[in-house]
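Undergrad: Residues in the sequence shown are numbered consecutively from 2, following this note's numbering.
Just so you know, even glycine gets a beta-carbon here, dropped at the ideal spot from N, CA and C.
What follows is a single structure, and I will ask about it in a moment.
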Amino acid sequence: MSTYLVPSSLWHRDTRLADAFLDVEKGAVLFVRPRYAGKETLRQGGGDIEAHRYTIRGQLDREIWYDADCVLVRWDLPLTGGDWLSFQREMA
């Protein structure tokens with residue numbers, strides 16, 4: 002079995018392809034299952050951008066969106082109780 006490992010910070014362009022993360026806080030390996038969830042339009046900087054959405058499940062759950070240049074533009078993380086906290090990068 003081959004494992005592709007990237008930092009858990011989500012900024013690495015290959016985060017969407019990795020089946021394991023190196024936890025940047027604890028130094029542990031976290032196993033995940035990434036899945037492409039399709040294209041979405043995000044409102045950004047007064048305009049719209051096309052972004053590719055990926056779901057990550059496993060020892061770390063995230064929803065992540067990358068633009069056409071593989072730049073991280075949005076990420077959501079789960080909260081206790083089933084809600085999600087969203088962060089969106091604003092482009093100038």
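(1) Would you mind reading off the limits of the beta strand (DSSP E) that contains ASP77?
(2) What is the rounded straight-line gap between the Cα of VAL104 and the Cα of GLN60?
(3) Looking only at C-alpha atoms, which of GLU26, ASP68, PHE22 sits nearest to ARG34?
(4) Do TYR37 and HIS53 have their C-beta atoms closer together than 9 Å?
(5) Who are the Cβ neighbours of ASP20 in its own chain at under 8 Å, not counting the five residues just before and after it?
(6) Report the option in ASP77, THR81, GLU51 whose CA atom is closest to the CA atom of ASP70.
TA: So, from the data block:
(1) Indexing the sequence shown from 1 puts residue 77 at position 76. Taken as a continuous stretch (DSSP letters only), the beta strand (DSSP E) holding ASP77 covers 73-79.
(2) An answer regarding residue 104 cannot be provided, because it is not within the stretch 2 to 93 covered by the chain.
(3) Counting from one through the sequence shown, the residue named residue 34 turns up at place 33. Checked all of GLU26, ASP68, PHE22; the closest Cα to ARG34 is PHE22.
(4) As a working note, residue 37 is residue 36 in the sequence shown. As a working note, residue 53 is residue 52 in the sequence shown. In contact: TYR37 and HIS53 (Cβ atoms closer than 9 Å).
(5) Taking the sequence shown and counting its residues from 1, one reaches residue 20 at position 19. For ASP20, where only same-chain residues beyond five positions count, the Cβ hits under 8 Å are THR4, TYR5, PHE32, VAL33, ARG34, PRO35.
(6) Within the sequence shown, residue 70 is the residue found at index 69, counting from 1. Out of ASP77, THR81, GLU51, GLU51 has the C-alpha closest to the C-alpha of ASP70.
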